[in-house]
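In this note's numbering, the protein residues as written are 6 to 194.
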């Protein structure tokens, strides 16, 4: 497992180097109750997922929503208007985790949450550490490039728990950079 993770990380470092040289990937600033994060979006490897996310951000869909599920040493999940893990935008998008060029899960990764193939919509999660068991199962579509300390401060909570603390929230999400084309969700039939 350690060798496989090292190989995946070496590939990721190369991709990040190319991303930095091109310096044209979309970015979203996510202001939360714990502070601000800047997230770079992997449009090259997950164009439909990024199109959906940017579209939702531009519609202010995420503003005010909680990080409803935050598990220690794992991830912070948000993007559910119901606040309990059952909600979405009213449609599903295609999963891009099966693409040959799909990115892998490392600390600070932004990935699409779903209940099965092609059931993603608006819910996403941000990982606290490498989570290789999710590779090929969830679409990685970005990473935190500023504010990793903010990610680590998000209150841990399991929804429905007997004493779940109040959830941290996304106060505002805004696109701060994007490519020159329209961003739309590619919805499943």
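Using N, Cα and C, we set each Cβ at its ideal position, and we do this for glycine too.
Cross-strand partners of residue i (DSSP beta bridge)
i, result
"residue 29", "None, per the DSSP bridge assignment."
"residue 195", "Absent from the structure is residue 195, since the part of the chain shown begins at 6 and ends at 194."
"residue 193", "Note: residue 193 sits in no beta bridge, so no partner."
"residue 46", "147"
"residue 81", "75, 131"
"residue 162", "75"
Contacting residues, own chain, Cβ-Cβ under 7 Å from residue i (five flanking each side not counted)
i, result
"residue 140", "109, 110"
"residue 101", "51, 53, 54, 107, 144"
"residue 29", "184"
"residue 86", "70, 92"
Which of helix, strand or coil DSSP assigns to residue i
i, result
"residue 2", "The displayed coordinates of the chain run from 6 to 194. Any statement about residue 2 would go beyond what the structure contains."
"residue 169", "coil"
"residue 140", "coil"
"residue 8", "helix"
"residue 24", "helix"
"residue 18", "helix"
"residue 89", "coil"
"residue 179", "strand"
Nonlocal neighbours in the same chain, by C-beta distance under 8 Å from residue i, ignoring five residues either side
i, result
"residue 79", "132, 133, 134, 136"
"residue 165", "89"
"residue 123", "97, 98, 99, 100, 193"
"residue 16", "109"
6 Å Cβ shell around residue i - same chain, five flanking residues per side excluded
i, result
"residue 36", "176, 177"
"residue 170", "160, 162"
"residue 188", "56, 59, 60"
"residue 5", "The chain is shown only over 6 to 194; residue 5 falls outside these bounds and no answer can be derived."
"residue 62", "33, 178, 180"
"residue 9", "none"
Nearest candidate by alpha-carbon position, reference residue i, set the options
i, options, result
"residue 71", "57, 77, 39", "39"
"residue 115", "84, 149, 12, 92", "149"
"residue 186", "18, 48, 147", "48"
"residue 154", "26, 113, 21", "113"
Anticipated Cβ contact below 8 Å, residue i with residue j, distance rounded
i, j, result
"residue 69", "residue 98", "Incorrect: roughly 22 Å between the Cβ atoms, too far for contact."
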